[in-house]
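Quick note on our numbering: the sequence shown kicks off at 46 and runs consecutively.
I have placed the structure first, in the form of structure tokens, so that the comments after it can refer back to it.
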Amino acid sequence: MQGETTVTLEEKIIEIIVEQLEVTAEECLPEASFINDLGADSLDLAELLLEMEDTFDVEISTEDLKKIRKIQDVIDFLKARNVTWD
């Protein structure tokens with residue numbers, strides 16, 4: 046279809062982060078820390094990861110939650126579980 050674009054997994058993750066944390070896409074670099082760079086607190090991070098679970102139909106365990114500190118951590122977590130977005 047004309048005008049239809051494909052959104053990658055990384056782009057969808059950034060879209061969710063922008064919506065949930067009210068930051069710009071330009072701020073969402075892979076190495077950006079949710080707390081230190083994007084100003085999220087622990088509640089923001091919990092809400093963000095709940096949205097990721099719903100969107101990508103995955104479960105993030107408490108153990109995995111402790112490891113997710115940066116945007117790249119989310120990307121790696123989802124890719125390790127063969128999550129795709131297209």
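Built from N, CA and C at the ideal position, the CB exists for glycine as well.
Problem - Same chain, Cβ closer than 6 Å to W130, neighbours up to 5 away in sequence not counted - result: L54 and K57
Problem - Cβ-heavy atom distance, E96 to the ligand MN, below 7 Å - result: Ligands in the displayed structure: none, and consequently the ligand MN is not present.
Handout entry: K124 and E76 closer than 8 Å at C-beta
Key = no
Practice task
Could you tell me the boundaries of the alpha helix (DSSP H) in which D109 lies?
Solution key: T107 to K112
Exercise for the section: Would you mind stating whether A85 and L110 have Cβ atoms separated by less than 8 Å? Expected result: no
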